[in-house]
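Written below as structure tokens is the structure these notes are about.
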Amino acid sequence: MSIVIEKQNKTNLYFSSVMVLIICISDYCRQKQYFQISANLNDKADNVYKFETLGMFQTNSVTKKDASFICCFNLGRIVRRFRTKINGIAYFYLHKELLQFTEYRKILYTHLVMKGVQLLYLQIVQPPKQIIDWKWWDATEIQTRNLNAMLTRQLCEKIETDYLMSWLSTLGGGFSALGEQFSRCAEVAGKISMRQLYIGIHLGDPFLQARCKLYYSVSLLQIGRLRSAKYVIKEQYNFALSHQEVDERLLKMCKGIWQRLQYEYGLKLKKKRQRENLLRDEGAGDK
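Okay, so the sequence shown: first residue is 6 according to the working numbering, each after it adds one.
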């Protein structure tokens, strides 16, 4: 008990001579890092404001009481805090200013201490828009050149892929139109749809893959593989309904091709009945 009283007396003397501002930074993972800004009043020429790191702690392992101990040199002192949110980009520049400029630390220190604030709590949140890190702080010129080359390559690949998909769609539509009369053209249209599907798999776009499969189902209808086309259409229709944001375009494509499938089944049934009637008439004539 006497040891605790002695520590509290020392702390009161310390706070009376030098006021300390604690800054607590809580990141996306709720890990907390503590800094302090203190004024060295021993320097008679000008106050030197120091910016020191107290340490990093995890929220799960540090209780509220322990956090107050950390902020007040493990003595459990209740402090007045000011809590605000700041995005990661703004905090990056704030931390840089606090590290490099004494005058900026002095302004922040004086403004908060005059209001009685002893703990500044900064909760880092996601920025409204993300930025591309064109250059890392520890990156060499070769690393920066490689990073720019990677971004340029991905951008050019995306542009060329979109250009190729538009050409394949035009070509596949032409062969699909001819496939109404020529089965060979319908087979070529199916091969083009498979090429588009490979591109969709490479891009990792599931909705593009679903549309390519529906294009392929049209070629299956044209060459008479109605059952295979039926399974493809049902699969893509269930896929379109399984997402929270329903793709109306994909649903309408499924419904349209399903109507075409029903029409083909109707024609097939009609031809079957005509053939049966013809055979029945021929059998009656023989008698």
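Where is the CB? At the ideal position from N, CA and C, for every residue including glycine.
Going by DSSP in three states, residue i sits in which element: helix, strand or coil?
i, result
"V122", "coil"
"K55", "strand"
"D252", "coil"
"S171", "helix"
"Q214", "helix"
"S198", "helix"
"C259", "helix"
"I228", "coil"
Name the DSSP bridge partner or partners of residue i?
i, result
"F87", "L125"
"V130", "N92"
Using the Cα positions of residue i and residue j, report the straight-line distance between them to the nearest angstrom.
i, j, result
"I129", "E102", "17 Å"
"M258", "C29", "54 Å"
"W141", "E185", "Per-residue confidence for W141 stands at a pLDDT of 46, beneath the threshold of 50, marking its modelled position as unreliable; the derived number appears in the next sentence. Taking the straight line joining both Cα atoms gives about 57 Å."
"Q264", "E165", "35 Å"
"R254", "N243", "14 Å"
"M199", "R216", "11 Å"
"Y168", "I136", "27 Å"
"Y268", "S233", "16 Å"
"K134", "K273", "56 Å"
"C161", "K275", "52 Å"
"T107", "M24", "16 Å"
"L202", "E192", "15 Å"
"K277", "R285", "12 Å"
"V237", "Q279", "29 Å"
"G195", "E250", "29 Å"
"A95", "H116", "19 Å"
Under 8 Å by Cβ, that's how I've got residue i and residue j pegged, so tell me the actual separation to the nearest angstrom.
i, j, result
"V223", "I262", "6 Å"
"R85", "V122", "6 Å"
"F87", "L125", "6 Å"
"L208", "Y270", "The pair is not a contact, with the Cβ atoms about 34 Å apart (cut-off 8 Å)."
"D252", "F187", "Their Cβ separation, rounded to whole angstroms, is 32 Å, which puts D252 and F187 out of contact at 8 Å."
"L127", "S31", "7 Å"
Buried or exposed for residue i, please, with buried defined as at least 16 other CB atoms from any protein chain shown within 10 angstroms of its CB.
i, result
"E281", "exposed"
"K37", "buried"
"L283", "exposed"
"F40", "buried"
"S247", "exposed"
"S171", "exposed"
"F56", "buried"
"R110", "buried"
"F97", "exposed"
"F180", "buried"
"I112", "exposed"
"Q241", "buried"
"L266", "buried"
"I206", "exposed"
"Q227", "buried"
Shorter than 8 Å, the distance from the beta carbon of residue i to the closest heavy atom of the ligand SAH, or not?
i, result
"R278", "Among the components of this structure there are no ligands whatsoever, and the ligand SAH is therefore not found."
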